[in-house]
Amino acid sequence: MIEIEANPWQTMVLHAERLYPHECCGAMLGHSQGANKIVTEAVPLENAYAGKQHDRYELRPEDLLAADKAARARGLDLIGIFHSHPDCDAYFSETDLKNSCPWYSFVVLSIQNGKFDHANSFLPDLDQTAAEPEEMIWPRS
Amino acid sequence: MAKILIPTALRQFTEQSDAVEVSGATVAEALNALTARFPEIKKNLFNDQGKLRSFVNVYVNDEDIRYLDKSDTKLEGSEIVSIVPSIAGGTTAVEEQAPALTNDEIARFSRHLILPEVGMQGQTKLKHAKVAMIGAGGLGAPLGLYLAAAGVGRIGLVDFDVVDVSNLQRQVIHGTSDIGRKKLDSAADRMTDINPNIRIDKFDTGLTSENALEILRDYDIVVDGTDNFPTRYLVNDACVILKKPNVYGSIFRFEGQATVFAYEDGPCYRCLYPEPPPPGLVPSCAEGGVLGILPGVIGVIQATEAVKIILGIGETLKGRLLLYDALGMKFRELKLRRDKDCPVCGDHPTVTKLIDYQQFCGIKPMSNEAPAVSGVIDAIELKQKIDRGDKFVLLDVREPHEYQIARIPGSILIPLGDLPKRLSELDKNADIVAQCKSGGRSQKAVDLLKQNGFQNVRNMTGGITAWSDKVDPSVPKY
Numbered sequence: 170m171i172e173i174e175a176n177p178w179q180t181m182v183l184h185a186e187r188l189y190p191h192e193c194c195g196a197m198l199g200h201s202q203g204a205n206k207i208v209t210e211a212v213p214l215e216n217a218y219a220g221k222q223h224d225r226y227e228l229r230p231e232d233l234l235a236a237d238k239a240a241r242a243r244g245l246d247l248i249g250i251f252h253s254h255p256d257c258d259a260y261f262s263e264t265d266l267k268n269s270c271p272w273y274s275f276v277v278l279s280i281q282n283g284k285f286d287h288a289n290s291f292l293p294d295l296d297q298t299a300a301e302p303e304e305m306i307w308p309r310s
Numbered sequence: 005m006a007k008i009l010i011p012t013a014l015r016q017f018t019e020q021s022d023a024v025e026v027s028g029a030t031v032a033e034a035l036n037a038l039t040a041r042f043p044e045i046k047k048n049l050f051n052d053q054g055k056l057r058s059f060v061n062v063y064v065n066d067e068d069i070r071y072l073d074k075s076d077t078k079l080e081g082s083e084i085v086s087i088v089p090s091i092a093g094g095t096t097a098v099e100e101q102a103p104a105l106t107n108d109e110i111a112r113f114s115r116h117l118i119l120p121e122v123g124m125q126g127q128t129k130l131k132h133a134k135v136a137m138i139g140a141g142g143l144g145a146p147l148g149l150y151l152a153a154a155g156v157g158r159i160g161l162v163d164f165d166v167v168d169v170s171n172l173q174r175q176v177i178h179g180t181s182d183i184g185r186k187k188l189d190s191a192a193d194r195m196t197d198i199n200p201n202i203r204i205d206k207f208d209t210g211l212t213s214e215n216a217l218e219i220l221r222d223y224d225i226v227v228d229g230t231d232n233f234p235t236r237y238l239v240n241d242a243c244v245i246l247k248k249p250n251v252y253g254s255i256f257r258f259e260g261q262a263t264v265f266a267y268e269d270g271p272c273y274r275c276l277y278p279e280p281p282p283p284g285l286v287p288s289c290a291e292g293g294v295l296g297i298l299p300g301v302i303g304v305i306q307a308t309e310a311v312k313i314i315l316g317i318g319e320t321l322k323g324r325l326l327l328y329d330a331l332g333m334k335f336r337e338l339k340l341r342r343d344k345d346c347p348v349c350g351d352h353p354t355v356t357k358l359i360d361y362q363q364f365c366g367i368k369p370m371s372n373e374a375p376a377v378s379g380v381i382d383a384i385e386l387k388q389k390i391d392r393g394d395k396f397v398l399l400d401v402r403e404p405h406e407y408q409i410a411r412i413p414g415s416i417l418i419p420l421g422d423l424p425k426r427l428s429e430l431d432k433n434a435d436i437v438a439q440c441k442s443g444g445r446s447q448k449a450v451d452l453l454k455q456n457g458f459q460n461v462r463n464m465t466g467g468i469t470a471w472s473d474k475v476d477p478s479v480p481k482y
């Protein structure tokens, strides 16, 4: 289960809406205890995909490394990655799966007509052949 | 000892340590030491063949080992080794479906492949790209040649015209031996000769409101090489509706323009020109002339933009109108913005389907038979009138340089633009026949004369072109 606090949640939604109609991406920092995670901070990262970013994103490993370092420096862990699907449901696509990794929660935000619509979290397996949905709690107000 | 930082998710295998000190002279040895100590971590980093998993990147201090000596990268003992996954995603899966290039194609495109910005991935994108070209004329000629040569896998050609000798001054995709052939066939032959691997879809038709969406739907990018306003608005609206980038170019005399419309969040043609100019105000190339090389420059710019959009590299002309002046040899650019009140691409569009663009541009439908109205005279009747020895004024309203190319004997020259201030040279009661190249300008002259009280004025339909066709073939056509 992954719980996202109000502050990081607002950061994620704003980032996704601001980059619409492009896909956005970023890192989620917080604490984890076994399968229970709590996100206390969200870090927007640049979408480094070199083509049309309507339906693709790419995280620069250097950026992820920097986010991980920053997290460690503040006693936090890098526990998840978020990205948006503009005008598309928050599902874990074939491309998402193939380019994922099993170490993080992957939160997908569906942005419809520029506004947040819904979100889901996924846990990919080791060989990137399947991802199981993860229960997610976020501030609904 | 080098220090390996452990990602959160893997700490369950390292007794919750977030960093592990290991000894090893290379990255491979250090990772082996790590997995020897914590065997459970191994399957997270390596696949069954013992290779690092595709998503695993290893950094020594801040450098990716792919750009050092990979697994053999030396460690002196004080480095920090980080394990960083590569992560990407998206809702489409383009590359996964794309078959690789053949060896022939690799040889053919070697100069592309060694550009890191293109490479195998980019050339494969070109191979799978689908571009619709509207018109195989002046702009279409360089476009067709270069898009075929660049390896754009599928090109749709829309044209209904036939190669005429007067095209060859600029439409370099056609040759003298192609005169009289369909431009579609002539262009497709040349493009296939350049690159036999491409697929060319021929649409032997004009683009209309009825067929545009159907034709353009299958393509990724539309390149507009037309020279008339109704088609320009039609292509624009269709591209906005279909959400396809419209690579725009236009040419006139010595000046050209290019930009990319309806691309991402950029403007469309209607944001720039919400309304068409009144018919006849802006002359076509046939009326106004065009430097033969000009469409070469503009068409090549359009081809460049199309290829950049396909590859996803560089900065396109989206939001910038590029102006080219061949005489001054100057490029300038104007900033364009999407108009939120644009009737097509604005926030609340009022045009959501294709309309009648001839009517929108104020052009009356052409009928096959000349209307039986008084006030016109055709070439044969004019010849009979001259032969009868009628006393009348044959008023040529073309430009002086056109008059030098060819003229009908007995005509007097007053260019249309000079006519308002030279009315006094004409007798209001005289029998006047106005004539130009093909009948457009002379009709305007007739209207002007009638408004100024001239009673007996007629327009010569078809102009000097019809005279050459029907009366005197020794008069050159231009």
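Residue numbers (the working numbering), protein chains in the order written: chain U, 170 to 310; chain C, 5 to 482. Backbone N, C-alpha and C fix where the C-beta goes; we use that ideal spot for every residue, glycine too. The model shown is predicted, which means the values in this text are computed figures rather than measured ones.
- Three-way DSSP call (helix, strand, coil) for C/Q53 in this model: Here residue 53 of chain C is taken as the residue at index 49 of the second sequence, counted from 1. Under the three-state reduction of DSSP output, C/Q53 falls in the coil class, being neither helix nor strand.
- Query: Mind pulling the chain C residues with CB within less than 9 Å of U/E227?
  - Reply: If you number the first sequence from 1, residue 227 of chain U lands on position 58. Simply S90, I91, A92, G93, G94.
- Task: Compare the beta carbon distance of C/K134 and C/D163 with 7 Å and say whether it is the shorter of the two.
- Result: Here residue 134 of chain C refers to the residue found at position 130 of the second sequence. Here residue 163 of chain C refers to the residue found at position 159 of the second sequence. The answer is no: Cβ separation not under 7 Å.
- Task: Note the first and the last residue of the continuous alpha helix (DSSP H) segment covering C/P234.
- Result: Translated into positions along the second sequence, residue 234 of chain C becomes position 230. For C/P234, the uninterrupted alpha helix (DSSP H) segment begins and ends at 233-246.
- So, helix, strand or coil for U/F275, using DSSP? Your numbering for residue 275 of chain U matches position 106 in the first sequence. Of the three classes helix, strand and coil, the one that applies to U/F275 here is strand, per DSSP.
- Message: If we require 3 or more residues per run, which beta strand (DSSP E) segments fall completely within the region 54-88 of chain C?
- Response: Secondary structure within the region 54-88 of chain C: the beta strand (DSSP E) runs of 3 or more consecutive residues, fully enclosed, are 60-64 (chain order).
- Cα-Cα separation, U/A242 to U/S253: Start at 1 with the first residue of the first sequence, and residue 242 of chain U comes out as number 73. Start at 1 with the first residue of the first sequence, and residue 253 of chain U comes out as number 84. Taking the CA atoms as reference points, U/A242 sits about 27 Å from U/S253.
- So, helix, strand or coil for U/M170, using DSSP? Here residue 170 of chain U corresponds to residue number 1 of the first sequence, with the count starting at 1. If DSSP states are grouped into helix, strand and coil, U/M170 belongs with coil.
- Task: Check C/R324 in the structure and name its three-state DSSP category.
- Result: Position 320 of the second sequence, counting from 1, holds the residue named residue 324 of chain C. For C/R324, the three-state secondary structure derived from DSSP is strand.
- Output the distance between the C-alpha atoms of C/S114 and C/G126, rounded to the nearest integer angstrom. What you label residue 114 of chain C is simply residue 110 of the second sequence in a count that begins at 1. What you label residue 126 of chain C is simply residue 122 of the second sequence in a count that begins at 1. For the pair C/S114 and C/G126, the Cα-to-Cα distance works out to about 12 Å.
- Answer yes or no: does any C-beta atom of chain U fall closer than 7 Å to that of C/Y63? Within the second sequence, numbered from 1, the residue matching residue 63 of chain C stands at position 59. Cβ-Cβ to chain U under 7 Å: yes for C/Y63.
- Are C/K432 and C/G457 close, meaning C-beta to C-beta below 7 Å? Looking up residue 432 of chain C in the second sequence gives position 428. Looking up residue 457 of chain C in the second sequence gives position 453. Yes, the Cβ-Cβ distance between C/K432 and C/G457 is below 7 Å.
- Query: Is there at least one Cβ from chain U nearer than 7 Å to C/A310's Cβ?
  - Reply: Counting from one through the second sequence, the residue named residue 310 of chain C turns up at place 306. Closer than 7 Å: no.
- Compute the Euclidean distance between the alpha carbons of C/L430 and C/R236, then round it to the nearest angstrom. Here residue 430 of chain C is taken as the residue at index 426 of the second sequence, counted from 1. Here residue 236 of chain C is taken as the residue at index 232 of the second sequence, counted from 1. Using only the alpha carbons, I get a separation of about 40 Å.
- Item | C/A438 - partner residues in DSSP beta bridges | Locating residue 438 of chain C in the second sequence gives position 434, where the first residue counts as 1. Paired residue(s): C/L399, C/N463.
- Give a yes or no on whether the C-beta atoms belonging to U/M181 and U/N205 are separated by under 7 Å. Residue 181 of chain U sits at position 12 when you count from the first residue of the first sequence. Residue 205 of chain U sits at position 36 when you count from the first residue of the first sequence. Contact flag unset, no.
- Starting from the N-terminal side, write out each stretch of the beta strand (DSSP E) that is 3 residues or longer and does not extend beyond the region 174-205 of chain U. At a cut-off of 3 residues, the continuous stretches assigned as beta strand (DSSP E) that sit fully inside the region 174-205 of chain U are 194-202.
- Going along chain C in order, which residues have a C-beta closer than 8 Å to the C-beta of U/N268? By 1-based counting over the first sequence, the position of residue 268 of chain U is 99. The contact set of U/N268 on chain C, defined by CB atoms closer than 8 Å, consists of F59, S90, I91, A92, G93 in chain order.
- Given a limit of 9 Å on CB to CB distance, which residues of the region 38-58 of chain C reach chain U? Listed in chain order, the positions of the region 38-58 of chain C with a beta carbon within less than 9 Å of a beta carbon of chain U are K47, N48, N51, R57, S58.
- 7 Å Cβ cutoff met for C/E309 and C/T320: Along the second sequence, one-based indexing puts residue 309 of chain C at 305. Along the second sequence, one-based indexing puts residue 320 of chain C at 316. Result yes, Cβ atoms of C/E309 and C/T320 sit closer than 7 Å.
- Secondary structure of U/D224, DSSP reduced to three states: Along the first sequence, one-based indexing puts residue 224 of chain U at 55. Note: U/D224 maps to coil in three-state DSSP.
- Item | C/G260: first and last residue of the uninterrupted alpha helix (DSSP H) it sits in | Start at 1 with the first residue of the second sequence, and residue 260 of chain C comes out as number 256. The continuous stretches of alpha helix (DSSP H) do not include C/G260, which lies in the beta strand (DSSP E) extending over residues 259-265.
- Message: Please list, in chain order, the residues of the region 8-20 of chain C that have any C-beta partner in chain U closer than 7 Å.
- Response: Listed by position along the chain: P11, T12, A13, L14.
- Message: Please identify, using Cβ separations under 8 Å, the residues of the region 261-274 of chain C that lie next to chain U, in order along the chain.
- Response: Per Cβ criterion, the list reads E268, D269.
- Taking U/I250 and C/I91 to be in contact with their CB atoms under 8 Å, please state how far apart those CB atoms are, rounded to whole angstroms. Taking the first residue of the first sequence as 1, we reach residue 250 of chain U at position 81. Taking the first residue of the second sequence as 1, we reach residue 91 of chain C at position 87. With a contact defined as Cβ atoms closer than 8 Å, U/I250 and C/I91 qualify at about 6 Å.
- Can you name, in chain order, every residue of its own chain whose Cβ lies under 8 Å from the Cβ of C/G28, other than the five neighbours on each side? As a first step, residue 28 of chain C must be located in the second sequence, where it is residue number 24. Here the set comprises A6, A34, L35, N36, A37, L79.
- Item | Residues from the region 283-296 of chain U in contact with chain C, defined by Cβ distance under 9 Å | Near chain C, meaning a CB-to-CB distance below 9 Å, the residues of the region 283-296 of chain U are L295, D296.
- Among residues of its own chain, excluding the 5 on either side of C/G184, which ones have a beta-carbon nearer than 7 Å to its beta-carbon? Within the second sequence, numbered from 1, the residue matching residue 184 of chain C stands at position 180. Around C/G184, the same chain offers V166, V167 as residues with beta carbons nearer than 7 Å, after the five sequence neighbours per side are excluded.
- What does C/K334 pair with, by DSSP beta-bridge criteria? On the second sequence, residue 334 of chain C is found 330 positions in, with the first residue counted as 1. The bridge partners DSSP lists for C/K334 are C/D329.
- Task: Please report the residue range of the beta strand (DSSP E) in which U/F285 lies.
- Result: Here the question's residue 285 of chain U lines up with position 116 in the first sequence. Under the DSSP assignment, U/F285 falls in the beta strand (DSSP E) whose first and last residues are 284-293.
- Query: How many whole angstroms separate the CB atoms of C/W471 and C/I416, which I take to be in contact at a CB cut-off of 8 Å?
  - Reply: The residue labelled residue 471 of chain C in the question sits at position 467 within the second sequence. The residue labelled residue 416 of chain C in the question sits at position 412 within the second sequence. Not really, about 16 Å apart at Cβ, beyond 8 Å.
- Task: Measure the Cβ-Cβ separation of C/Y63 and U/L234 and say whether it is below 7 Å.
- Result: Within the second sequence, numbered from 1, the residue matching residue 63 of chain C stands at position 59. Within the first sequence, numbered from 1, the residue matching residue 234 of chain U stands at position 65. Yes.
- Using a Cβ cut-off of 9 Å, pull out every chain U residue sitting near C/I317, in sequence order please. To locate residue 317 of chain C, count along the second sequence from 1; it is residue 313. Those are A219, G220, listed as they occur along chain U.
- Item | Supposed contact pair U/D256 and U/Q281 - C-beta distance, whole angstroms, cut 8 Å | By one-based count along the first sequence, residue 281 of chain U stands at place 112. By one-based count along the first sequence, residue 256 of chain U stands at place 87. Confirmed, about 6 Å.
- Cα-Cα separation between U/R225 and C/Y328, rounded to whole angstroms: The count along the first sequence starts at 1 and reaches residue 225 of chain U at position 56. The count along the second sequence starts at 1 and reaches residue 328 of chain C at position 324. So the alpha carbons of these two residues sit roughly 35 Å apart.
- Short CB-CB distance (under 7 Å) between U/T180 and chain C: Start at 1 with the first residue of the first sequence, and residue 180 of chain U comes out as number 11. For U/T180, the nearest beta carbon of chain C is not closer than 7 Å to its own beta carbon.
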